[in-house]
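Trainee:
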Amino acid sequence: MDPILQSLFKTLTTFKVLSYHPVLSLSLDCGMRPAVGSQRIVGGLTARRGEWPWIGSLQYQRLHRCGATLIHSKWLLTAAHCFKGNSNPVAWSVSLGSVLRSGVGALVIPIQRIILHPGFNSTNMDYDVALLEMAVPAPRSYTIQLVCLPSPVHSFLKNTECYITGWGSMREGGSLTNLLQKADVNIIEQSDCQQAYGNSLTPSMMCAGYMEGGKDTCLVRGDSGGPLTCREFSGQWFVAGVTSWGHGCGRTAFPGVYIVFILVFVGPKIYFILLAFTQLSFVLFSQSPF
Numbered sequence: 032m033d034p035i036l037q038s039l040f041k042t043l044t045t046f047k048v049l050s051y052h053p054v055l056s057l058s059l060d061c062g063m064r065p066a067v068g069s070q071r072i073v074g075g076l077t078a079r080r081g082e083w084p085w086i087g088s089l090q091y092q093r094l095h096r097c098g099a100t101l102i103h104s105k106w107l108l109t110a111a112h113c114f115k116g117n118s119n120p121v122a123w124s125v126s127l128g129s130v131l132r133s134g135v136g137a138l139v140i141p142i143q144r145i146i147l148h149p150g151f152n153s154t155n156m157d158y159d160v161a162l163l164e165m166a167v168p169a170p171r172s173y174t175i176q177l178v179c180l181p182s183p184v185h186s187f188l189k190n191t192e193c194y195i196t197g198w199g200s201m202r203e204g205g206s207l208t209n210l211l212q213k214a215d216v217n218i219i220e221q222s223d224c225q226q227a228y229g230n231s232l233t234p235s236m237m238c239a240g241y242m243e244g245g246k247d248t249c250l251v252r253g254d255s256g257g258p259l260t261c262r263e264f265s266g267q268w269f270v271a272g273v274t275s276w277g278h279g280c281g282r283t284a285f286p287g288v289y290i291v292f293i294l295v296f297v298g299p300k301i302y303f304i305l306l307a308f309t310q311l312s313f314v315l316f317s318q319s320p321f
C-alpha cells in the first residue's frame, strides 16, 4: 500500500472523537428520498421506483454481480469479495436509478478504480468492503441520491427501522430477480450474533435479520455488497453495513452478516474530498489514542 495511505489508515484508527454530528456525508440532504417523500412504505417485497435511490447494480461485463451503494457523486461502497478473480475496473460498471436489474431506464457508469480494504481476508471475510470510483459523477435526481455515512461513534439501536435491498434470489437456491427487492430487518444483538457464528464473527461484523429466519439477503446469488440502511429520527437514511455473508438465506438462527467498520476505510480515500468540497457536518478529532 502507498505509505501515505498507510499513515492515514493508522491515524484514523487511533483518532478519538470528541464531538460529532451523526451525519457525515456529501451534503446535509443525504439519505432523503424525494420520489417517495417521508412516507413509510410497508408490505410487499418489490421496491418502488425511487424508494432506494442510492442502490446500484454492480455489473461485470454488463451482467449483475453485486449490489453497491452511492455515498458520493463519484464513489460507491460494496463488498470486496465481489471482485474475486475479476478486479480489472475496465470490465465493471454500475447501473443507477432503476429498480430493474436489466438496467432499462438506468444510468450506466463505467468503474474507473477498485480499492479493496487492505485488511480484507477472503478466508474469513474480515473487512469485506471495497470502494469504487466511477468514471464520471452521478447526477442527483428523483431516482439517484446519496445515502448518509454514519459518524465513527454512531450506533444503530435494536429497534431502528432498517432495510436490506437487492436483486438476489428470493429463496435459497433460486435465481436472480429482475425487480429490486426489499425486506425490513432488525439489528441483532452482538451477543446473539456471536452465539450464531462463534469465532467466524470478527469485530468488523454485525448481524441483521431475524433469529427465527424468513427475511435475509441471498449472498451467493446477487445481494452481496448491497446496503443495510437504517432511518434515524431526522428521517435520513444511513448505510449501517455492507452485505457480506451468512449461512444460506433466511435460515433459522443464522441472520445475515454485514461489515460495519465503514468510515475507517472510506475516510482515507474520500474523507478529505468531502472536507474540501462540501459543507460537512462538524467532526472534531483528537490524536489521542483510545
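Under my numbering, the first residue of the sequence shown carries the number 32, and numbering increases by one thereafter. Think of the CB as a built atom: it goes at the ideal place given N, C-alpha and C, for glycine as much as any other residue.
L127 by DSSP, collapsed to three states: which one?
Mentor: Indexing the sequence shown from 1 puts residue 127 at position 96. Note: L127 maps to strand in three-state DSSP.
Trainee: DSSP three-state call for Y228: helix, strand or coil?
Mentor: Start at 1 with the first residue of the sequence shown, and residue 228 comes out as number 197. Correct three-state label for Y228: helix.
Trainee: What residues in its chain sit with their C-beta under 6 Å from that of V270, if we drop five residues either side in the sequence?
Mentor: Reading the sequence shown from its first residue, position 239 is the one you call residue 270. Correct list, in chain order: T100, V178, P258 and T260.
Trainee: What would DSSP say about Q221, mapped onto helix, strand or coil?
Mentor: As a position in the sequence shown, residue 221 is number 190, starting the count at 1. Of the three classes helix, strand and coil, the one that applies to Q221 here is helix, per DSSP.
Trainee: Within the continuous beta strand (DSSP E) that includes V288, where are the two ends?
Mentor: On the sequence shown, position 257 is the one that residue 288 refers to. Counting along the chain, the beta strand (DSSP E) containing V288 begins and ends at G287 to I290.
Trainee: Could you tell me which residues DSSP pairs with R144 in its beta bridges?
Mentor: Residue numbering aside, residue 144 sits at position 113 when the sequence shown is read from its first letter. E164.
Trainee: Thinking just about the alpha-carbon of each residue, which of S265, P170, I218 and S118 is nearest to the one in L162?
Mentor: Sequence index remark: in the sequence shown, residue 162 carries index 131 (1-based). Nearest C-alpha to L162: S118.
Trainee: Answer with buried or exposed for Y228, where buried requires no fewer than 16 other C-beta atoms within 10 angstroms of its C-beta.
Mentor: By 1-based counting over the sequence shown, the position of residue 228 is 197. The residue is buried, with at least 16 neighbouring Cβ atoms inside 10 Å.
Trainee: Go through its chain and collect everything with a Cβ distance to L131's Cβ below 8 Å, but skip five positions before and after it.
Mentor: By 1-based counting over the sequence shown, the position of residue 131 is 100. Excluding positions up to five away in sequence, the list reads A137, N209, L210 and L211.
Trainee: Helix, strand or coil for V184, going by three-state DSSP, please let me know.
Mentor: If you number the sequence shown from 1, residue 184 lands on position 153. In this structure, V184 counts as coil in the three-state DSSP scheme.
Trainee: Which two residues bound the contiguous beta strand (DSSP E) that contains H95?
Mentor: For the purposes of this step, residue 95 is taken as residue 64 along the sequence shown, with counting starting at 1. Run containing H95: L94 to H103, per the beta strand (DSSP E) assignment.
Trainee: With distances taken Cα to Cα, identify the nearest neighbour of D60 among C97, C224 and L180.
Mentor: Position 29 of the sequence shown, counting from 1, holds the residue named residue 60. Minimum Cα distance to D60 is reached at L180.
Trainee: Buried or exposed, going by whether 16 or more other CB atoms sit within 10 Å of the CB of R64?
Mentor: Along the sequence shown, one-based indexing puts residue 64 at 33. Looking at its Cβ environment, which holds 16 or more other Cβ atoms inside 10 Å, R64 is buried.
Trainee: My understanding is that S200 touches H112, with C-beta atoms under 8 Å, so please give their C-beta distance in whole angstroms.
Mentor: Along the sequence shown, one-based indexing puts residue 200 at 169. Along the sequence shown, one-based indexing puts residue 112 at 81. The Cβ separation is near 17 Å, so there is no contact.
Trainee: Please list, in chain order, all residues of the same chain as M156 whose beta carbon is under 6 Å from its beta carbon, the five residues on each side excluded.
Mentor: Against the sequence shown, residue 156 aligns to sequence position 125. Excluding sequence neighbours, M156 sits near S275 and W276.
Trainee: Tell me whether the region 225–241 and the region 77–97 touch, counting them as touching only if at least three CB pairs, one residue from each stretch, are closer than 8 Å.
Mentor: no
Trainee: Do you know how far the Cα of G240 is from the Cα of V216?
Mentor: As a first step, residue 216 is located in the sequence shown; it is residue number 185 there, counting from the start. As a first step, residue 240 is located in the sequence shown; it is residue number 209 there, counting from the start. Inter-residue distance for V216 and G240 is about 4 Å (C-alpha atoms, whole angstroms).
Trainee: Is V178 helix, strand or coil by DSSP?
Mentor: Position 147 of the sequence shown, counted from the start, is the residue given in the question as residue 178. V178: coil per DSSP, three-state reduction.
Trainee: How is F272 classed by DSSP in three states: helix, strand or coil?
Mentor: By one-based count along the sequence shown, residue 272 stands at place 241. In the sequence as displayed, the identity of residue 272 is Gly instead of Phe. Reduced to three states, the DSSP call for G272 is strand.
Trainee: Answer yes or no: do Q143 and A122 have a C-beta to C-beta separation smaller than 9 Å?
Mentor: Residue numbering aside, residue 143 sits at position 112 when the sequence shown is read from its first letter. Residue numbering aside, residue 122 sits at position 91 when the sequence shown is read from its first letter. For Q143 and A122, no; Cβs fall outside 9 Å.
Trainee: Span of the beta strand (DSSP E) holding Q267?
Mentor: Walking along the sequence shown from the start, residue 267 turns up at place 236. For Q267, there is no enclosing beta strand (DSSP E), as DSSP marks it with neither H nor E.
Trainee: Which residues in the same chain have their Cβ closer than 8 Å to the Cβ of Y289, if we skip the five residues on either side of it in sequence?
Mentor: Counting from one through the sequence shown, the residue named residue 289 turns up at place 258. The beta carbon of Y289 is closer than 8 Å to those of M236, M237, C238, A239, L259, A271, G272, V273, T274 and S275 in its chain, skipping five residues each way along the sequence.
Trainee: Please state the DSSP three-state secondary structure of P258.
Mentor: The residue given as residue 258 occupies position 227 in the sequence shown. Looking at P258 - three-state DSSP - the assignment turns out to be strand.
Trainee: So, with DSSP's three-state summary, where would you put A239?
Mentor: Taking the first residue of the sequence shown as position 1, residue 239 is located at position 208. Three-state result, A239: strand.
Trainee: Is it buried or exposed for S153, if we count other Cβ within 10 angstroms and need 16 for buried?
Mentor: Counting from 1 along the sequence shown, the entry for residue 153 is found at position 122. S153 should be labelled exposed.
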